[in-house]
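For the sequence shown, position 144 matches number 144 in full-length UniProt numbering, and the numbering has no gaps at all. Backbone N, C-alpha and C fix where the C-beta goes; we use that ideal spot for every residue, glycine too.
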Amino acid sequence: MVNGYEVYRGKGFKVILLFLMMVGIYFQKFYVYAGMAIKPYMFALALILAYFIFYGLDQEIIKRTYSYEALFAIFTVYAIWRGYFSRHSMLSVRATMALLIVIVMYIFVSSMAFSMSNSSILRLLYVSGTIFLAASLFLYLKGKGVSDIGGVVDRDVYRLTGSIDDPNVFGIFASLIYAFSFHNMISGEKKYIISFFLAFTCIVLSESRGAFLAVLAFHIMYFVKIKDTRAKSFAANILIIGAVAAGGHYWLQTADVSIGSAVQTRLLDTTGSTRVYIWTDAIEIFKEYPLIGVGLNNFRPYNNEIFADTHLMHNIFLEVIVEQGIAGATVFFAALIMLVLKKDNSEIEKIIKMVICMQLIMLFFLSGFFNEFTFLTLALYKAAAVKGENEDEAMNATSV
């Protein structure tokens, strides 16, 4: 996994730490509760913190701040400040701690990834991702019909959760290994067939329509963005899109419902997330506090007090609008726009950008903008972006 050059340069330990971080993030379900959830990746983060105390962060990646990072930093400061002065400030404090932890992780992971070769990072993604997918499928099969160890029964359908708590969140964690497995598989690297098959199977078994939509979007983006796609790439895209559509159709048929009634039932079912009702109530709360919002992590208590409903928002974008108001949401959406519009200098940047877009699609149906895996993906993107710019500058200097 670690080539001799990297060991010679003293980077082998960083590779091991990043591997532990990735594996730890994948196993969200196995945590220890001590006032807050102590998740496996936090132990790896503690080791990484100790490493950087002795050796320091990479100064180049710290100095290279992109516009979307600056905007998100402003948004974070505002969200913490607004939460501190909110009605339910202790809930904001808990959310602030979680947010700061993933920001620290973002800084450390981007610094580590910057000092490694892209091939080493891809090997880490392949190994850690394959472990995650294989373990998730094993837990799903072991628990089916017996327990909820690897899945959850939702309207008589056993949906895969694997080593993650929520089948709808599972797609976010599977997105990175799915995208890179697909890309490397059609590029001729046969070992990625295994990880791609596992990723595709697990996503289908999770029965998440948000994940299905994200997968479709990825294949459309891939076909448009990757210039050297060949005939087999086009065929593979069509095959995957067709398989996802067929899988969705099969699920609807076995559930004995029509497409229209399935969507309506999923949105309005009182035993589920009841997203339409939640979003309608959220808009009403926003109308009462339009400028500065109700405060970080304050939607649920407000929703309970006003509408006697304790559901999560299940929409990160509406969550930001309601909790941070127009002031915070403007900065947040500006950061997202700058991120999406940022020029990509390498193929790996383009693929990670597609994964980020996949995750944003899924987050439209989920709560919590401090998802650890999303920040891990952003950290890898930052490292790839800085390396890509450095290579571009070196080539320009050579040509001059």
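*Note the first and the last residue of the continuous alpha helix (DSSP H) segment covering Arg159.*
Locating residue 159 in the sequence shown gives position 159, where the first residue counts as 1. That residue, Arg159, is in no alpha helix (DSSP H); its beta strand (DSSP E) goes Val157 to Leu160.
_Using a Cβ-Cβ cutoff of less than 7 Å, which residues in the same chain neighbour Tyr41 once the five nearest sequence positions on both sides are dropped?_
Residue mapping note: residue 41 aligns to position 41 of the sequence shown, counting from 1. The beta carbon of Tyr41 sits closer than 7 Å to the beta carbons of Met21, Gly24, Ile25 and Glu372 from its chain, once the five residues preceding and following it are set aside; these are given in chain order.
*Going along the chain, which residues of its own chain have a beta-carbon closer than 7 Å to the beta-carbon of Met185, five neighbours each way excluded?*
Along the sequence shown, read from residue 1 onward, the residue named residue 185 stands at position 185. Excluding sequence neighbours, Met185 sits near Tyr192, Ile193 and Phe196.
*Tell me the start and end of each unbroken beta strand (DSSP E) in the segment 118 to 200 that is at least 3 residues and wholly inside, in chain order.*
151 to 154 and 157 to 160
*If you count every other CB in all the chains shown that lies within 10 Å of the CB of Ile337, and 16 or more means buried, which is it?*
Residue numbering aside, residue 337 sits at position 337 when the sequence shown is read from its first letter. By the 10 Å Cβ count, Ile337 comes out exposed.
*Own chain, CB closer than 8 Å to Phe210, minus 5 neighbours either side, in chain order*: In the sequence shown, residue 210 corresponds to position 210, counting from 1. Contrary to the premise, residue 210 reads as Gly rather than Phe in this sequence. Hits under 8 Å: Asn168, Gly171, Ile361, Met362, Phe364, Phe365 and Leu366.
*Note the first and the last residue of the continuous alpha helix (DSSP H) segment covering Pro40.*
Counting from one through the sequence shown, the residue named residue 40 turns up at place 40. The continuous alpha helix (DSSP H) containing Pro40 extends over residues Pro40 to Tyr55.
*asked:* Could you compute how far the alpha carbon of Arg155 sits from the alpha carbon of Ser206?
replied: Walking along the sequence shown from the start, residue 155 turns up at place 155. Walking along the sequence shown from the start, residue 206 turns up at place 206. Approximately 13 Å, taken between the alpha carbons.
*Would DSSP call Ala34 helix, strand or coil?*
Along the sequence shown, one-based indexing puts residue 34 at 34. If DSSP states are grouped into helix, strand and coil, Ala34 belongs with coil.
*Measuring CA to CA, which of Ile80, Met105 and Ile53 is closest to Lys93?*
Numbered from 1 along the sequence shown, position 93 holds the residue referred to as residue 93. Inspection of the sequence shows that residue 93 is occupied by Val rather than by Lys. When each option's Cα is compared against that of Val93, the closest is Ile80.
*Gly12 - containing alpha helix (DSSP H), residue span*: By 1-based counting over the sequence shown, the position of residue 12 is 12. Gly12 -> alpha helix (DSSP H) spans Gly12 to Tyr26.
*Cα separation between Val32 and Val102?*
In the sequence shown, counting from the first residue as 1, residue 32 sits at position 32. In the sequence shown, counting from the first residue as 1, residue 102 sits at position 102. The alpha-carbon atoms of Val32 and Val102 are separated by roughly 18 Å.
*Taking C-alpha atoms, which residue in Leu339, His219, Gly295 and Gly35 lies nearest to Ile240?*
By 1-based counting over the sequence shown, the position of residue 240 is 240. That would be His219, whose Cα lies nearest to the Cα of Ile240.
*For Lys225, which three-state DSSP category applies?*
Mapped onto the sequence shown, residue 225 falls at position 225. Reduced to three states, the DSSP call for Lys225 is helix.
_Where Phe375 sits in the DSSP three-state scheme_ = Sequence index remark: in the sequence shown, residue 375 carries index 375 (1-based). DSSP, reduced to helix, strand and coil, places Phe375 within a helical segment of the structure shown.
*asked:* Considering only the alpha carbon of each residue, which of Asn390, Ala95, Leu376 and Lys387 lies closest to residue 421?
replied: Given a span of 1 to 400 for the chain in the structure shown, any question on residue 421 remains unanswerable.
*Would you call the segment 59 to 70 and the segment 376 to 394 touching, i.e. three or more CB-CB distances under 8 Å?*
Touching, yes.
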